[in-house]
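> The sequence shown begins at 1266 in my numbering and counts up by one.
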Amino acid sequence: MVRIYEKAFFGDALTSIENAHVSVASSAVLYGLSVYTVFPVCVSSKKTRVAFRLKEHYRRLINSARIIGIDTFEKEWSEERFVGIVKELVAANDPREDVFIRATVHVSELLPGTRSRGQKTVFSAIMYEAAPILPKSGARVKTSAWRRTPDTAIPSRAKVNGAYVNSVLGKQDALDSGYDDCIFLDLNGHVCELSAANIFLVRDGILSTPDIASDILEGITRKTILELAAAMNIPTEERRIDLTELYIADELFACGTSAYITPILEIDARSIEKGNAGLITKQLQTRYTDVLHDKDAEFGHLLTIVG
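Set out below in structure tokens:
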């Protein structure tokens, strides 16, 4: 089980994790009407606690709320207030290890029907150990029989709690079939992403990933990978990707806050790179880990000291 830290932020104050809850009659429970973001807080090389791309995670929370029409949160929560709460939570729990913080905006209005505007909201933030969602050594994946929810139904660029039923269906089917995760395709059969991570492939020295019109989450880790690759002189492409391209890739990997950079060693019973992580994958893993822990001066500006 993943360790959850004792102190949480809920509403307007720090409280115990047991007391951080919304009503069973709220829109958050009845309709999955909440938006969230998750970001790492790591122990730096200087022994401080640093949050990765914190302001961008705040902006993603705001954008997710905007997309589904939650209009009260942005009025009440400035970036400065958000960062301050993160610092309070870190101080209260005093983590000595890398952790994740999940910040959520819940629509707490009771029995409002299927509406989002003008509704009461409550903010929460919880901290838990930074346990990866995929095997560190590499993942085995299968193509999901379920298709990714299209942008015209529930947009993947908004991290809406209720939308993750789609991810649960794909992931559970993969687990039931003996795999670690799934690959979602869009309604036209193009590659989207894993259940909760973006995907990259390497072919002939070019690093490619589905473009943002491919019903994907516009991942912050994904963006970072593209920036790291540019700094490392690795050519990149954002484009439509066919499933069969994954079968003949030289390297595959998943990425995300909770997935880090995880090599994909097998897809649909087809081995990738003879079941080993590829060179570019390993190079990016090392660079990304250094960035998270403030060991890379070129990307130090992506970190915010929070403790």
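Yeah, the Cβ is synthetic: ideal placement off N, Cα and C, and Gly gets one too.
Bear in mind the structure is a predicted one, so any value in this text is a computation, not a measurement.
Is the CB-CB distance between residue 1568 and residue 1351 below 8 Å?
no
> For residue 1472, which beta-bridge partners are listed by DSSP?
1467, 1501
> Please name the residue, chosen from 1402, 1526, 1461, that lies closest to residue 1423 on a Cα-to-Cα basis.
1461
> Any idea if residue 1417 is buried or exposed, counting beta-carbon neighbours within 10 angstroms, 16 or more meaning buried?
exposed
> Secondary structure at residue 1424, three-state DSSP: helix, strand or coil?
coil
> Express the C-alpha separation of residue 1284 and residue 1545 in angstroms, rounding to a whole number.
45 Å
> Taking the alpha carbon of residue 1490 as the point to measure from, which residue in 1459, 1526, 1457 has its own alpha carbon closest?
1526
> Return the CA-CA distance between residue 1390 and residue 1397, expressed in angstroms with no decimal places.
19 Å
> With DSSP collapsed to three states, give me the class of residue 1298.
Secondary structure at residue 1298: coil, using DSSP grouped into helix, strand and coil.
> Does DSSP put residue 1432 in a helix, a strand or coil?
helix
> Check whether the stretch 1440-1457 touches the stretch 1485-1503, counting contact only when three or more Cβ pairs, one atom from each stretch, lie closer than 8 Å.
no
> Looking only at its own chain, which residues have a Cβ that is under 7 Å from the Cβ of residue 1555, when we skip the five neighbours before and after it?
1561
> Within a Cβ cutoff of 8 Å, which residues of the same chain sit near residue 1271, ignoring the five residues on either side of it in sequence?
1281, 1282, 1358
> Put residue 1413 into one of helix, strand or coil per three-state DSSP.
coil
> Which value, in whole angstroms, describes the spacing of the CA atoms of residue 1274 and residue 1427?
22 Å
> Using the C-alpha atoms, what's the distance from residue 1388 back to residue 1289?
16 Å
> Less than 8 Å separating the beta-carbons of residue 1333 and residue 1425?
yes
> Take residue 1509 as the anchor and find which of 1499, 1497, 1550, 1537 has the nearest alpha-carbon.
It is 1537 whose Cα lies nearest to the Cα of residue 1509.
> Confirm, please, whether the CB-CB distance from residue 1368 to residue 1302 is below 8 Å.
A contact, by the Cβ cut-off of 8 Å.
> My output table needs one value for residue 1509: the three-state DSSP class, helix, strand or coil.
Correct three-state label for residue 1509: helix.
> Would you tell me roughly how many angstroms separate the C-alpha atoms of residue 1542 and residue 1383, rounded to the nearest one?
49 Å
> Per DSSP, which one or two residues make a beta bridge with residue 1392?
1366
> Figure out for me which residue from 1318, 1277, 1520 has the closest Cα to the Cα of residue 1399.
Distances from the alpha-carbon of residue 1399 to those of 1318, 1277, 1520 put 1520 closest.
> Reducing DSSP to helix, strand and coil, say where residue 1303 ends up.
strand
> Return the first residue and the last residue of the beta strand (DSSP E) that residue 1525 is part of.
Membership of residue 1525 in the beta strand (DSSP E) is indicated by the continuous run 1525-1532.
> Nearest to residue 1320 by CA position, among 1311, 1304, 1331, is which residue?
1304
> Check whether the Cβ atoms of residue 1421 and residue 1480 sit closer than 8 Å, and answer yes or no.
yes
> Tell me, please, which residues DSSP counts as bridged to residue 1446.
1406
> What did DSSP end up calling residue 1551 once you bin it into helix, strand or coil?
helix
> For the alpha helix (DSSP H) containing residue 1494, list its first residue and its last residue.
Counting along the chain, the alpha helix (DSSP H) containing residue 1494 begins and ends at 1485-1496.
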